[in-house]
Every structure is written in structure tokens, then in C-alpha cells.
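Chains as they are written, first to last, in the numbering used here: chain A, 2 to 277; chain B, 2 to 659.
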């Protein structure tokens with residue numbers, strides 16, 4: 002899962018002149034940041050990752066919004082609660098003291114590379130492509146800890162897509178939750194939420210939905226598959242990673258970006274619909 | 002200083018019920034105090050500030066022939082003057098009394114009984130050492146200037162100014178804008194009686210304007226405040242109105258030709274006004290005023306159309322060459338009535354204010370309700386002018402949210418929202434109002450009844466819960482919220498959404514407070530000297546506070562506080578002289594080299610070089626006893642009365658030795 006995200010991000014980075022290096026000894030972040038304070042075990046995993054990242058230079062980039070959320074919040078809390086941090090470090094036998102900068106790939110593009118540089122590197126602008134950016138919640142919330150963008154009116158993805166030549170579509174559900182891990186235990190609520198999101202985007206005129214999280218993508222796609230009864234316009238909206246659109250605009254081969262024929266067809270159709 | 006031999010010291014320890022005795026072992030403090038040298042007796046009492054307690058102090062002083070007293074009790078901010086009065090009434094000099102604070106700095110802040118007791122003992126010891134070296138001092142008498150400065154021309158400032166003036170004293174009323182009236186002038190009706198706001202405010206505004214004892218400085222700002230209680234010297238800068246009030250007959254010819262249009266702040270930006278304008282129909286003074294910031298050009302004159310029109314059709318009352326005026330005012334007391342501002346609703350991105358024109362603040366909605374407002378009192382959607390059928394009111398918008406907004410409750414929103422919803426139903430009988438609320442806080446005379454009446458008679462739908470999001474879809478505002486009583490999420494298609502945003506201090510209050518040396522609370526509201534016992538006074542002597550600049554409050558509370566502040570100021574003015582604390586700096590002439598380092602350092606301009614002796618002199622009336630000069634003196638010639646180096650060292654020794 003999410004091989005397409007990985008491949009497209011790495012390829013896009015290379016096209017922009019930098020390399021994403023896989024960190025040594027990475028492990029699962031735990032997938033959810035635990036708000037429980039008396040069970041430190043849930044915090045061992047992310048702290049282990051961060052202590053290793055600290056040794057490797059202190060900047061950790063993530064693609065998955067879930068990992069980003071867990072790791073960034075862990076860094077935030079490491080500097081807040083000294084006593085429990087010491088206990089975690091002793092258990093892990095690896096020391097993490099808060100000196101890691103956790104970045105989402107979007108943040109790298111905005112703050113390190115700069116959208117100006119991205120724009121200059123665009124070879125085949127996705128002229129007029131009506132893209133709905135889907136943020137979900139983990140990228141943005143809780144805002145005091147994530148500090149990526151305004152949690153209610155974010156613009157980082159739209160700003161990027163504008164530079165790629167697209168026409169970003171503002172739609173109400175773009176920061177709504179997709180149901181997250183509910184899809185594992187009971188898929189109904191998450192399917193409902195995901196369908197609302199797709200409908201909202203489609204109603205506002207989005208022809209492509211771009212995401213920055215594998216779980217969001219999975220939930221949106223499963224909701225579509227799971228409900229054969231529905232077949233609205235939203236069912237024809239391909240769901241892609243923002244890195245795939247970035248790669249296309251940078252002139253990379255769709256195959257290298259792992260965009261399938263169906264997705265590519267929808268994207269070029271949508272573009273020709275809007276282009277005169 | 003010569004030490005008078007062996008002062009007989011008495012120590013009085015207060016239990017303060019269980020406030021002190023619950024944590025501090027009072028008996029132990031008493032027993033240990035008895036062993037200190039110079040202490041003749043030590044006793045305790047359950048409530049030392051009560052009359053029996055005070056009598057105990059008085060009687061013991063006489064029976065034991067005490068020379069000095071240490072009271073171990075609450076903070077000196079609370080009862081220092083009480084016990085000094087007791088000591089004085091027993092025939093001692095009031096400065097032979099010291100307070101050891103064992104409550105605020107002892108029992109209240111410690112849990113470990115033994116350590117709290119030990120600390121209390123140290124506090125008592127150092128007070129004993131200090132009082133032994135205290136001089137007998139006489140209060141300094143200074144004259145009182147019997148005029149009052151009121152800053153802010155809203156209902157608080159108006160009421161305070163009128164009360165002081167009606168008592169026969171002169172008042173200077175400083176207002177930043179072109180008219181007095183403030184926020185109350187913008188209101189349509191007032192709760193819970195639905196009085197027309199302008200109808201009850203207007204006559205007061207006129208009364209201020211006509212009052213022989215009130216001098217109004219509009220378009221003015223306090224620039225500098227010098228002096229102290231009873232004797233403030235205030236510099237006020239007044240911007241020109243460019244229109245002669247005496248000649249202007251408000252014909253409006255000038256505004257007709259003015260080419261500069263700006264959002265009208267009186268209508269919360271819902272309408273436009275010209276750069277030369279009258280703020281509103283009842284404005285006082287009733288004349289046009291030129292807003293120099295938005296005028297196309299005064300220096301150099303770029304337009305001048307208004308003057309041409311005035312000369313041709315009007316009364317030739319426009320003078321575009323007017324200059325700001327600086328007024329030097331001498332007053333005895335200052336009342337700060339700086340009012341409030343609305344919390345910036347654009348920060349509440351979840352509600353879409355500033356993105357959707359039909360999402361409004363409560364004050365914008367208020368203007369729409371007003372007969373003098375942008376729609377002459379009709380309710381219309383700002384986006385397209387249609388009559389709204391479904392309206393959603395969101396109470397506590399950005400309030401009671403410590404993480405993202407204001408942590409406090411603004412107190413008035415429950416009431417005005419009920420009124421707004423009621424007025425909506427009155428004006429749009431087939432419409433439906435929904436009110437999202439957290440709690441209904443209707444504490445006030447007739448308030449609960451008013452809210453109930455609105456809910457029951459008008460069929461308002463009150464939903465207990467918060468709104469998560471407001472967004473636009475197909476030309477309608479979708480309000481997504483939760484009704485926590487049914488436990489269900491709610492989605493309402495609304496035409497207008499009204500945000501009951503909170504009150505924040507007006508931006509000028511911060512600047513004014515620093516000029517007045519008055520303290521502000523964490524939110525920037527004026528702090529009171531004591532939340533319960535001195536709510537009308539700033540901790541800075543001679544400064545009184547009134548209205549929403551102190552805390553969010555409604556009109557009845559504001560008016561009551563304004564009258565209270567006025568009567569406090571009148572109390573001060575009622576005596577021709579005033580006693581000031583004599584614990585001020587003094588110069589030992591023989592030690593002073595006349596270097597003058599202390600002179601620019603003094604924040605109160607109390608120091609100068611004597612032209613005759615060429616050494617530093619302290620003006621006791623100006624000195625606040627802050628001690629800055631003492632720290633700066635290279636030759637140790639300056640000292641503070643009753644807090645000399647000798648005393649500080651004795652106190653340190655007492656602490657270290659304990």
C-alpha cells in the first residue's frame with residue numbers, strides 16, 4: 002500500500018534536485034498519537050524513531066499525514082513532560098530530547114524548496130485542472146501542536162496546485178475527517194464520511210481529488226467500492242496523491258509515478274474539458 | 002540613625018479563622034516570637050481585624066506600655082491601614098506598626114504545616130527587627146486639585162462626568178472620536194426592557210455638552226500624565242475637527258461634494274461615509290467633522306471641495322488650516338472609562354466570518370436592527386438584500402475557549418442574543434431563529450424572565466451545543482453543530498449567521514494604562530485594587546475605573562460602576578488637602594557630592610539639585626518611595642525612610658539567623 006505515494010514523492014524530489022533518504026532502523030510510529038498519559042508504552046515507538054532521527058541529523062520528513070501527526074506531537078510533548086520523557090528514554094535505552102524537526106513533504110516544498118522554485122521546475126503545467134485538495138484532520142490538528150496551516154481554512158495544498166497550473170477547488174468538506182481507523186472496525190461511519198467528502202468536492206466542481214495521506218486515500222476509495230448502490234458524479238473522480246500531480250507537472254512519466262491508465266485518462270479528460 | 006534604646010515590641014498573631022491557623026501552628030509562632038529580644042509580649046486572636054481583636058491590640062499596647070507592634074496576619078495590601086489606625090488610636094505613632102504577611106505568603110501558598118510555620122516565624126522575626134528601627138513619621142499633607150479628568154466618552158464616561166459635575170466640580174472629558182456616545186449609541190434596543198438605546202442615551206449626551214462644569218475634548222488623546230493623587234498634570238492632544246462647531250448648522254453640503262468614501266465605523270462598515278461627515282444623527286457636538294486620515298489631502302491641500310461648498314451654500318465654517326491643540330490640564334483624580342472592542346471575528350475561521358457576507362457579528366446585526374442603521378431597521382441578507390427566513394445565532398463565539406480564543410465569558414451575549422432573536426421574530430414573523438448556546442447566563446434583574454419570555458412567546462429554538470463549522474453551499478449557509486441535549490448533530494440551512502463575539506479591551510487602554518502607571522489584568526482590562534473591596538479603584542492612587550474597560554459588563558453595571566467611581570473621586574476632592582505616605586526618600590546632605598546621577602533616574606521627577614547647597618533634594622510630595630534613586634547613589638547619601646540599609650540588613654540577619 003502507498004507504493005505509489007513513495008515512488009512519486011521520491012521521483013518528484015529528484016526532479017526538484019534533492020534526494021529523500023530512507024532513515025536507518027525506522028519502525029512503525031504506532032499509527033495514532035495516544036492521548037493517554039499513564040501508559041507510556043504507547044509512546045515508546047515514536048520516541049525510538051525520533052531518537053534515531055536525532056542521531057541522523059535532526060530533520061525527519063514524512064509523507065503520511067498519520068506519521069506526521071504522531072511524530073510531530075511526540076516531539077512537542079517530549080519537551081513538555083520531562084519526567085515521563087526520562088522514563089521513556091530509559092525504557093527505550095535510546096535518548097530522545099526533542100531536537101528533531103518533523104516535516105511533512107508539503108512543508109519541505111513550501112519552506113525548504115519554496116513554491117517559487119517548484120514553479121520554475123514545472124515542465125508540463127496541468128493547465129486548468131480542477132483539483133480538490135483533501136486535507137483531512139491529521140495534517141492540521143491539533144493546530145497548536147501541528148502549526149502547519151490554519152486548521153479551518155488551510156491553503157498549503159491549493160498554493161502548491163496553483164503553481165502547478167491547476168485550478169484548486171474550494172469545497173466545504175476538505176478538512177473533514179474521513180473516519181480514519183474506524184474503517185478497520187466498522188466501515189459504515191467511515192464510508193459515510195468519505196462519501197460526503199467526495200460528494201462535496203464533486204458538487205463544487207472538483208475533477209480530481211488530491212490527498213496527502215494513504216489512509217485517507219484508502220478510505221475514500223473503499224467508500225466508493227463499498228457502495229455499489231450509489232453512482233454519482235463523484236464516483237468518477239480519481240483520487241491521487243499530491244506528489245503524483247507534482248510529478249506530472251514536473252514532466253515525469255505517469256508510469257514512474259504509478260498513476261494507472263484510468264487515473265491518467267480522467268486527468269487528461271478533465272484538462273481537455275476545461276481547456277478551450 | 003540613632004537607635005532609641007530598647008523599644009518594647011508586642012507581637013499579635015492572627016488565626017484568620019482557619020485561613021492561617023489551618024496550616025500555620027499559631028501557638029508555635031507566638032511562643033517563638035516571645036523569645037525574640039525586645040519582644041515584651043506575644044498573643045494570638047481568632048480574627049484580629051474584628052472589633053474584639055482590635056481592642057485586644059489597643060488594650061495590650063496600653064497595659065504593656067508597648068512602643069511598637071508587629072501584626073502577623075494577611076497581606077499589608079489588605080489590612081495595613083486597619084492596624085496602623087489601631088496603633089494610632091492607642092497613642093503610638095502609626096509607623097511603629099509592621100505587618101508580617103503569613104497568609105498570602107504563608108498559609109495560603111504552602112501545604113507543609115511545619116515549613117509554613119517556620120516561614121511564618123521568619124516573617125515575624127524580620128518584622129520585629131524592622132519595627133525596632135522604624136522612625137516615628139508624620140504624614141505629608143498636600144493640596145488637592147478639585148477637578149476630575151474622565152477618559153472615554155461612552156456611557157461610563159458620560160455618567161461619571163455628569164455625577165462629578167452635578168456635585169459642583171469641574172470635569173474634563175476626553176474622547177478619541179468626533180462625538181461622545183460610544184458603543185451604547187450604536188445599539189438599537191437594550192435588554193431586558195427593550196428601551197430604545199439612543200432615546201435614553203441622547204439626553205445624557207446633550208446634558209454633557211451643555212453642562213457648564215464639563216469641558217469636552219473630543220478627537221483627543223491623553224499624551225502624558227505627571228504628578229500623583231490629588232495633583233495630576235495631564236497633557237491632552239486634540240486633533241482639529243476642521244469645522245467650526247459654533248458656526249456649523251449641519252446642512253451637509255460639504256459631505257455631498259466630498260470625493261473620499263470610507264466604511265462607516267458607526268455602522269460597523271455596513272455603509273459608507275464621506276471623509277467629512279457627522280458620525281450619527283444625535284452626535285454631540287451636532288456638527289460635521291473632517292477625518293484627516295481619509296481626506297484626500299490637507300498638507301498640501303489637494304481637494305478643498307468641502308470648503309468651497311461650505312463657502313457657497315453653507316456657513317463658511319470649514320477651516321482646513323487648523324492645527325492640533327495641546328492642553329495642559331491639572332486634575333486631582335482620573336477616571337478611566339475606555340470601553341471595549343469586539344473580538345476579531347476573522348480569527349474564527351471555522352465560522353467563515355469575512356468570507357461569507359451573511360456571517361455577521363452581533364454588533365453588525367445590531368446596526369441592522371436599528372432604525373438609523375444601514376437598512377433602516379429592516380433585516381436583510383448583506384449578500385443580496387433578501388429577507389432572511391432562517392437565522393442562526395452562535396453564542397460564545399470564540400469565547401470560553403482558553404486554547405483558541407478568549408478564556409472568559411463576556412457576560413452580555415446571552416442577553417443581547419435573546420433580544421436579537423426576539424427582534425428578528427418581531428420583524429420577520431414567518432422566520433425561524435435558532436440559538437446555539439453553552440449555558441444561559443441570565444443573572445441580573447429581570448434577565449432570566451426576559452430570556453424565558455423570548456424563548457416561549459417567540460418560539461425561538463435554543464440548541465444546547467456548539468457549532469463546528471459554517472460554510473456556503475448552493476447560496477445557503479450550512480451550519481453544522483451539535484445538540485447535546487438530544488445527542489444528535491444538527492445541520493441548518495441558514496440565510497444569516499450571527500456570531501456573538503466577545504468583548505476585548507479597547508486598543509487605547511494599554512497605552513493609557515502605561516501613562517497612568519495603572520496596572521492591567523492578563524487580558525488587558527484595567528485591574529482593580531481589590532476584586533471585592535475596592536472594585537472601583539486602580540491600585541494606582543487617584544485613578545478610578547468604570548465600564549467595560551474594567552471587565553465585560555452590561556449597561557446597568559457600567560452605569561452603577563461609573564457613579565461609584567465618580568463618588569470615589571468626589572470623596573477625594575471633598576477635602577482640600579490629602580495625606581501622603583511619608584515613607585519617601587531622604588538625602589543625607591553631608592554625604593551627597595551633588596553628582597546628580599539620581600535626578601534623571603527618578604521616574605516621578607521628585608529629585609533636584611538645591612541651588613544653594615548644591616546637593617540633591619527630594620520633593621516629598623512627588624516621591625513615591627520606589628527606591629530607584631537610592632540604588633543609583635554612588636555615595637550612599639540617599640535612603641528610604643523606614644526602609645534604610647540598616648533596617649534591610651537587620652531584616653536579612655533575622656532571616657539568615659532563623
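Just so it is clear, CB atoms sit at the ideal spot from N, CA and C, and this is done for glycine as well.
These numbers come from a predicted model, not from an experiment.
Closer than 8 Å: residue i CB and nearest the ligand ATP heavy atom
i                      : result
residue 421 of chain B : As for the ligand ATP, it is missing from this structure, which has no ligand bound.
Beta-carbon proximity list for residue i, same chain, < 7 Å, skipping 5 on both sides
i                      : result
residue 144 of chain A : 152
residue 264 of chain B : 270 and 273
residue 267 of chain B : 187, 280 and 281
residue 206 of chain A : 131 and 170
residue 463 of chain B : 436, 438 and 456
residue 122 of chain A : 16, 17 and 251
residue 147 of chain B : 170, 333 and 574
residue 240 of chain A : 210, 212, 218, 221 and 222
residue 215 of chain A : 2, 3, 6 and 65
Own chain partners of residue i with C-beta closer than 8 Å, once the 5 adjacent residues on each side are dropped
i                      : result
residue 2 of chain B   : Summary for residue 2 of chain B: the model assigns pLDDT 48, below 50, so the residue's position carries little reliability, and this model does not support an answer.
residue 53 of chain A  : 24, 25, 26, 27 and 95
residue 218 of chain B : 173, 174, 175, 176, 237, 239 and 328
residue 144 of chain B : 231, 232, 577, 578 and 579
residue 65 of chain B  : 9, 11, 41 and 42
Boundaries of the alpha helix (DSSP H) in which residue i is found, first to last residue
i                      : result
residue 414 of chain B : 414-428
residue 581 of chain B : Where residue 581 of chain B is concerned, there is no enclosing alpha helix (DSSP H), although the beta strand (DSSP E) it sits in stretches over 578-581.
residue 514 of chain B : 509-517
residue 133 of chain A : Residue 133 of chain A -> not in any alpha helix (DSSP H); beta strand (DSSP E) instead, spanning 131-135.
residue 691 of chain B : A query on residue 691 of chain B cannot be resolved here, the shown segment of chain B reaching from 2 to 659 and no further.
residue 657 of chain B : 646-658
residue 708 of chain B : Absent from the structure is residue 708 of chain B, since the part of chain B shown begins at 2 and ends at 659.
residue 168 of chain A : Residue 168 of chain A -> not in any alpha helix (DSSP H); beta strand (DSSP E) instead, spanning 168-170.
Close beta carbons around residue i, own chain, < 6 Å, minus the five adjacent residues each side
i                      : result
residue 477 of chain B : 494
residue 555 of chain B : 413
residue 199 of chain B : 283
residue 419 of chain B : 452 and 455
residue 621 of chain B : 141 and 585
residue 1 of chain B   : The question about residue 1 of chain B has no answer, for chain B in this structure spans 2 to 659.
residue 88 of chain B  : 70, 95 and 98
residue 5 of chain A   : 259
Where the beta strand (DSSP E) containing residue i begins and where it ends
i                      : result
residue 477 of chain B : 477-484
residue 46 of chain B  : 40-46
residue 263 of chain B : 262-264
residue 91 of chain B  : From DSSP, residue 91 of chain B is part of no beta strand (DSSP E); its letter is neither H nor E.
Beta-carbon separation (whole angstroms), residue i vs residue j, contact threshold 8 Å
i                      : j                      : result
residue 131 of chain A : residue 275 of chain A : 6 Å
residue 152 of chain B : residue 24 of chain B  : Actually they are not in contact, since the Cβ atoms of residue 152 of chain B and residue 24 of chain B sit about 43 Å apart, beyond 8 Å.
residue 9 of chain A   : residue 242 of chain A : 6 Å
residue 349 of chain B : residue 500 of chain B : 7 Å
residue 34 of chain B  : residue 70 of chain B  : Not really, about 12 Å apart at Cβ, beyond 8 Å.
residue 395 of chain B : residue 352 of chain B : 7 Å
residue 344 of chain B : residue 507 of chain B : Not confirmed; about 12 Å, so no contact.
Residues that DSSP places opposite residue i in a beta bridge
i                      : result
residue 196 of chain B : B:191
residue 135 of chain B : Answer is none; residue 135 of chain B lacks a bridge partner.
residue 291 of chain B : B:277
residue 98 of chain B  : B:70
residue 586 of chain B : B:641
residue 341 of chain B : B:506
residue 521 of chain B : B:527
residue 238 of chain B : B:222 and B:327
residue 672 of chain B : Given a span of 2 to 659 for chain B in the structure shown, any question on residue 672 of chain B remains unanswerable.
* Asked: Three or more C-beta pairs closer than 8 Å, one from the stretch 251-263 of chain B and one from the stretch 155-165 of chain B: is that the case here?
  -> no
* Can you find at least 3 beta carbon pairs, one from the stretch 172-184 of chain B and one from the stretch 440-449 of chain B, that sit closer than 8 Å? -> no
* Asked: Okay, do the stretch 43-58 of chain A and the stretch 70-80 of chain A touch, 3+ Cβ pairs below 8 Å being the bar?
  -> yes
* Asked: Would you call the stretch 519-530 of chain B and the stretch 310-320 of chain B touching, i.e. three or more CB-CB distances under 8 Å?
  -> no
* To do: Tell me, please, whether the stretch 596-616 of chain B touches the stretch 627-646 of chain B by the rule of three or more beta-carbon pairs shorter than 8 Å.
  => yes
* Do the stretch 303-312 of chain B and the stretch 253-262 of chain B make contact, defined as three or more Cβ pairs closer than 8 Å? -> yes
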